[in-house]
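Chains as they are written, first to last, in our numbering: chain A, 15 to 168; chain B, 15 to 168; chain C, 15 to 168; chain D, 15 to 168; chain E, 15 to 168.
Reading through the structure tokens given below for one structure.
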Amino acid sequence: MAKVGIADTAFARYDMGKAAIDELKRHSSVKIERYTVPGIKDLPVACKKLFDEHKCDIVMALGMPGSKPTDKTCAHEASMGIIYCQLMTNKHIIEVFVHEDEAPDGKELAWLMDRRAREHAQNVIKLLFTPKVLEREAGTGQRQGYEDVGPARQ
Amino acid sequence: MAKVGIADTAFARYDMGKAAIDELKRHSSVKIERYTVPGIKDLPVACKKLFDEHKCDIVMALGMPGSKPTDKTCAHEASMGIIYCQLMTNKHIIEVFVHEDEAPDGKELAWLMDRRAREHAQNVIKLLFTPKVLEREAGTGQRQGYEDVGPARQ
Amino acid sequence: MAKVGIADTAFARYDMGKAAIDELKRHSSVKIERYTVPGIKDLPVACKKLFDEHKCDIVMALGMPGSKPTDKTCAHEASMGIIYCQLMTNKHIIEVFVHEDEAPDGKELAWLMDRRAREHAQNVIKLLFTPKVLEREAGTGQRQGYEDVGPARQ
Amino acid sequence: MAKVGIADTAFARYDMGKAAIDELKRHSSVKIERYTVPGIKDLPVACKKLFDEHKCDIVMALGMPGSKPTDKTCAHEASMGIIYCQLMTNKHIIEVFVHEDEAPDGKELAWLMDRRAREHAQNVIKLLFTPKVLEREAGTGQRQGYEDVGPARQ
Amino acid sequence: MAKVGIADTAFARYDMGKAAIDELKRHSSVKIERYTVPGIKDLPVACKKLFDEHKCDIVMALGMPGSKPTDKTCAHEASMGIIYCQLMTNKHIIEVFVHEDEAPDGKELAWLMDRRAREHAQNVIKLLFTPKVLEREAGTGQRQGYEDVGPARQ
Numbered sequence: 015m016a017k018v019g020i021a022d023t024a025f026a027r028y029d030m031g032k033a034a035i036d037e038l039k040r041h042s043s044v045k046i047e048r049y050t051v052p053g054i055k056d057l058p059v060a061c062k063k064l065f066d067e068h069k070c071d072i073v074m075a076l077g078m079p080g081s082k083p084t085d086k087t088c089a090h091e092a093s094m095g096i097i098y099c100q101l102m103t104n105k106h107i108i109e110v111f112v113h114e115d116e117a118p119d120g121k122e123l124a125w126l127m128d129r130r131a132r133e134h135a136q137n138v139i140k141l142l143f144t145p146k147v148l149e150r151e152a153g154t155g156q157r158q159g160y161e162d163v164g165p166a167r168q
Numbered sequence: 015m016a017k018v019g020i021a022d023t024a025f026a027r028y029d030m031g032k033a034a035i036d037e038l039k040r041h042s043s044v045k046i047e048r049y050t051v052p053g054i055k056d057l058p059v060a061c062k063k064l065f066d067e068h069k070c071d072i073v074m075a076l077g078m079p080g081s082k083p084t085d086k087t088c089a090h091e092a093s094m095g096i097i098y099c100q101l102m103t104n105k106h107i108i109e110v111f112v113h114e115d116e117a118p119d120g121k122e123l124a125w126l127m128d129r130r131a132r133e134h135a136q137n138v139i140k141l142l143f144t145p146k147v148l149e150r151e152a153g154t155g156q157r158q159g160y161e162d163v164g165p166a167r168q
Numbered sequence: 015m016a017k018v019g020i021a022d023t024a025f026a027r028y029d030m031g032k033a034a035i036d037e038l039k040r041h042s043s044v045k046i047e048r049y050t051v052p053g054i055k056d057l058p059v060a061c062k063k064l065f066d067e068h069k070c071d072i073v074m075a076l077g078m079p080g081s082k083p084t085d086k087t088c089a090h091e092a093s094m095g096i097i098y099c100q101l102m103t104n105k106h107i108i109e110v111f112v113h114e115d116e117a118p119d120g121k122e123l124a125w126l127m128d129r130r131a132r133e134h135a136q137n138v139i140k141l142l143f144t145p146k147v148l149e150r151e152a153g154t155g156q157r158q159g160y161e162d163v164g165p166a167r168q
Numbered sequence: 015m016a017k018v019g020i021a022d023t024a025f026a027r028y029d030m031g032k033a034a035i036d037e038l039k040r041h042s043s044v045k046i047e048r049y050t051v052p053g054i055k056d057l058p059v060a061c062k063k064l065f066d067e068h069k070c071d072i073v074m075a076l077g078m079p080g081s082k083p084t085d086k087t088c089a090h091e092a093s094m095g096i097i098y099c100q101l102m103t104n105k106h107i108i109e110v111f112v113h114e115d116e117a118p119d120g121k122e123l124a125w126l127m128d129r130r131a132r133e134h135a136q137n138v139i140k141l142l143f144t145p146k147v148l149e150r151e152a153g154t155g156q157r158q159g160y161e162d163v164g165p166a167r168q
Numbered sequence: 015m016a017k018v019g020i021a022d023t024a025f026a027r028y029d030m031g032k033a034a035i036d037e038l039k040r041h042s043s044v045k046i047e048r049y050t051v052p053g054i055k056d057l058p059v060a061c062k063k064l065f066d067e068h069k070c071d072i073v074m075a076l077g078m079p080g081s082k083p084t085d086k087t088c089a090h091e092a093s094m095g096i097i098y099c100q101l102m103t104n105k106h107i108i109e110v111f112v113h114e115d116e117a118p119d120g121k122e123l124a125w126l127m128d129r130r131a132r133e134h135a136q137n138v139i140k141l142l143f144t145p146k147v148l149e150r151e152a153g154t155g156q157r158q159g160y161e162d163v164g165p166a167r168q
């Protein structure tokens, strides 16, 4: 049975890990390993440990970068680490970051974090079980959270 | 027979993978392995897997970074990963990125994505089969998508 | 017995290493290995040596980036190194950086550096001994230093 | 006999590779291996292949970043890859980048690209055969292309 | 006997390598290996070779980034390479960079480059022979070149 790692943070203001796990369980039969760390810069090694020590097949890295310039830099650093981790392990990490300033208020922020986590959980299921579905979506302007943009036409 | 990997995304708004494959098939006899992922940050490991698991000789990584600052950062992170992947594997990845804001509207965007994908498919063929042709183009101001700029003259 | 590495700098304007060690000793039984370097860019290799040569299980990297643009770049470079070091060793480094311009004056700066070092020492204890406590804090808007922000609600 | 790799691009608007090879041949007896790629982001792996597959002792990486912000980012990414490649191989890559906007017009651009390529070819010869000459130039404000700045004096 | 590598550049406008070597010889008995390269982006691999081929125990990387934005980017790239080199070798590189625009004129620039090189040579001696001295300086606001800032007090 495929095993999905869920790496998330105490810094984030909504429990995206819980939303992702709920979505994964509703739509697939996978084992889940959860690993919560303090902040997003702790996510890359958490992902690495989920692969190496917990034998996960794929990991979701869920985080909420704050709105200050420093927070944006932290998000960039975390993302670089997440990409290197994938290159070191030959496994996918689906990064689910919601920037705190993407939403105008706390209510919409929570909604957005929930929805993006769930839609990316769907991507995890596609990568694991139905890659041909993703191929059919190639170039169709898919988005996670807010509405899809759709394709551009010549 | 040479094998070309095509890594592309569901986020992009035009099916560059299809255009690239069409161009490759018209002008060469190569095997194709396609791998569609959600977004550009998933491309580096997709390329790595195309080399390690699917034994590709070269990969095209096709993506469309959005126009927001965050999207520009994502493109940068993906590009760094694509460069490391090449250094790890000693194989070329031809990155074909079209920024959403390079074109004034959806129609020209689609045209640009199609053309750049096709012209880079030509580069793949040159790297694989006719490197001397590329050498003759050295320093001649070649561009992919919009018109060539041409050489500067003393 | 678990061994915690403390990497800190002579550049910083408050002895965060001492604060972290005091907090760790009050709330746990761990061995401590301390390693002071000139500045934050010396921290990544100090952490690496604490893992490889001193067999630490986890490291705290404590530093105070200055307020000039160059200092911000140094902090970014150090953070990238700290993330790579974790990926190379599969061990956590809890980065405790306080930017000199986070506080309006020296007095508050010293207070903030002390408090953030101590709160992150608590995170080290949780990662080592009570990961389930961290999991319960997932998505609750925890901060180190200034007050917690708390969760956003739908 | 020492072997020098020449990695250059079809994107550049002047044939710096030719200038570098001419300069190397005038002033030394070295073997040359040339490798032309589409753009600067293809240079890092070209250098890696020149070392690993073509057994070069040193490589020149010649490129002309364009003047748009995206081009500056590409140059940065290429440079990072070129530095990693050197760390992986323990061999020098002399990066010869001329930014398109360094010169006011095409004529001066071509002149600058020619001259910088030639002066860096001289650096390659010094690194290979006369490192003591470089040591005597330490701290003397050498520049490649435009005039030397010279030393500052107390 | 400990061996210190000195990596410096022909681009810099003051012979920091000479100043560092003078300071090291006055205050310790170490062997010196000097390696001059054209510019700061050549420093990372020079350091790597000083460790791997010349068996140095520690290296000083001395450079003077220019004042243009491109120069700042080069400095950042060099610094990233210097950090990776340390992680690959588990050895310290003391980076001594003086930005050309830190000083108002050539005279003060030369003074600053001399002084910072010497003060960092002292740090090398401490790291090699008296790490406890560095530990006593933890959090005391040490600076190299201009005056120490000193500690902040609660």
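A virtual CB, placed ideally from N, CA and C, is assigned to each residue, including glycine.
| query | In chain A, which residues lie less than 8 Å from VAL112(B) when you measure between Cβ atoms? | reply | Correct list: empty, because the minimum Cβ distance to chain A is about 10 Å.
| request: Within its chain, find whatever has a CB closer than 8 Å to the CB of ASP162(A); leave out the 5 residues flanking it on each side and keep chain order. | output: Result list for ASP162(A): THR154, GLY155, GLN156, in chain order.
| field | LEU64(D) vs ALA33(D) beta-carbon contact at 8 Å | value | no
| field | Cβ of ARG130(D) within 8 Å of any chain B Cβ | value | no
| At a Cβ cut of 8 Å, what residues of the segment 26-53 of chain A count as close to chain C, listed as they run along the chain? | ALA26, ARG27, TYR28, ASP29, MET30, GLY31, LYS32, ARG48, TYR49, THR50, VAL51, PRO52
| query | Under 8 Å between C-beta atoms, does GLY77(D) make it to chain B? | reply | GLY77(D) does not count as touching chain B.
| message | Would GLY19(B) and VAL73(B) be called neighbours here (beta carbons separated by less than 8 Å)? | response | yes
| task | State the DSSP-derived secondary structure class of ARG27(C), mapped to helix, strand or coil. | result | coil
| Which residue's Cα is closest to the Cα of GLY80(B): PRO58(B), LYS140(B), ALA166(B), GLY53(B)? | GLY53(B)
| message | Is the beta carbon of ILE97(D) closer than 8 Å to that of GLY95(E)? | response | yes
| message | Let me make sure I understand the geometry here. Which of PRO145(A), ARG150(A), LEU123(A) has the alpha-carbon closest to that of ASP115(A)? | response | For the residues PRO145(A), ARG150(A), LEU123(A), the minimum Cα distance to ASP115(A) belongs to LEU123(A).
| said: Taking a contact to mean a Cβ-Cβ separation below 8 Å, would you say ALA92(A) touches LYS55(A) in this structure? | reply: Between ALA92(A) and LYS55(A), the C-beta gap is smaller than 8 Å, which places the two residues in contact.
| query | Identify the residues that DSSP records as bridge partners of ARG48(E): which are they? | reply | DSSP, once it has assigned bridges, lists ILE20(E) as partnering ARG48(E).
| field | Proximal chain B residues relative to ALA123(D), where beta-carbon distance stays under 7 Å | value | Rather than Ala, the amino acid found at residue 123(D) in this sequence is Leu. Those are ALA166, listed as they occur along chain B.
| task | Return the residues of the segment 149-161 of chain A that lie within a Cβ-Cβ distance of less than 9 Å from chain B, sorted by chain order. | result | GLU149, ARG150, GLU151, ALA152, GLY153, THR154, GLY155, GLN156, ARG157, GLN158
| field | Cβ neighbours of HIS113(D) in the same chain (closer than 6 Å, five flanking residues each side left out) | value | PRO79
| Any C-beta of chain A under 8 Å from that of VAL163(C) | yes
| task | Tell me LEU76(C)'s beta-bridge partners as DSSP assigns them. | result | VAL110(C)
| Any C-beta of chain C sitting closer than 8 Å to the C-beta of CYS99(A)? | yes
| query | Cα-Cα, which of THR144(C), ASN137(C), ARG27(C), GLY31(C) is closest to ARG48(C)? | reply | GLY31(C)
| said: Out of ASP66(E), ILE46(E), VAL110(E), which one is the CA nearest neighbour of ALA16(E)? | reply: ILE46(E)
| said: Among HIS90(A), ILE107(A), TRP125(A), whose alpha-carbon lies nearest the alpha-carbon of ALA135(A)? | reply: ILE107(A)
| message | Could you check whether the Cβ of HIS68(C) sits closer than 8 Å to any Cβ belonging to chain A? | response | No - not a single Cβ of chain A is within 8 Å of the one on HIS68(C).
| query | Listing by chain order, which chain E residues have their CB less than 9 Å from the CB of THR144(C)? | reply | Contact note: THR144(C) does not reach chain E at a C-beta cutoff of 9 Å; the least C-beta distance is about 29 Å.
| query | Does DSSP classify ASP119(C) as helix, strand or coil? | reply | coil
| query | Going by Cα to Cα distance, which pick from VAL147(A), ASP85(A), GLN168(A), VAL110(A) is closest to ALA75(A)? | reply | Of VAL147(A), ASP85(A), GLN168(A), VAL110(A), the residue nearest in Cα terms is VAL110(A).
| task | Output, in chain order, the set of chain C residues within a Cβ distance shorter than 8 Å of GLU91(A). | result | Contact note: GLU91(A) reaches chain C through HIS90, SER93, MET94, ILE97, using a C-beta cutoff of 8 Å and chain order.
| field | Best match in LYS82(A), ALA117(A), ASP71(A), ASP128(A) for proximity to LYS105(A) [C-alpha to C-alpha] | value | ASP71(A)
| request: Since I believe ARG130(E) is in contact with GLY164(E) (beta carbons under 8 Å), could you give me their beta-carbon distance rounded to a whole number of angstroms? | output: About 18 Å separates the CB atoms of GLY164(E) and ARG130(E); that is not less than 8 Å, and the two are not in contact.
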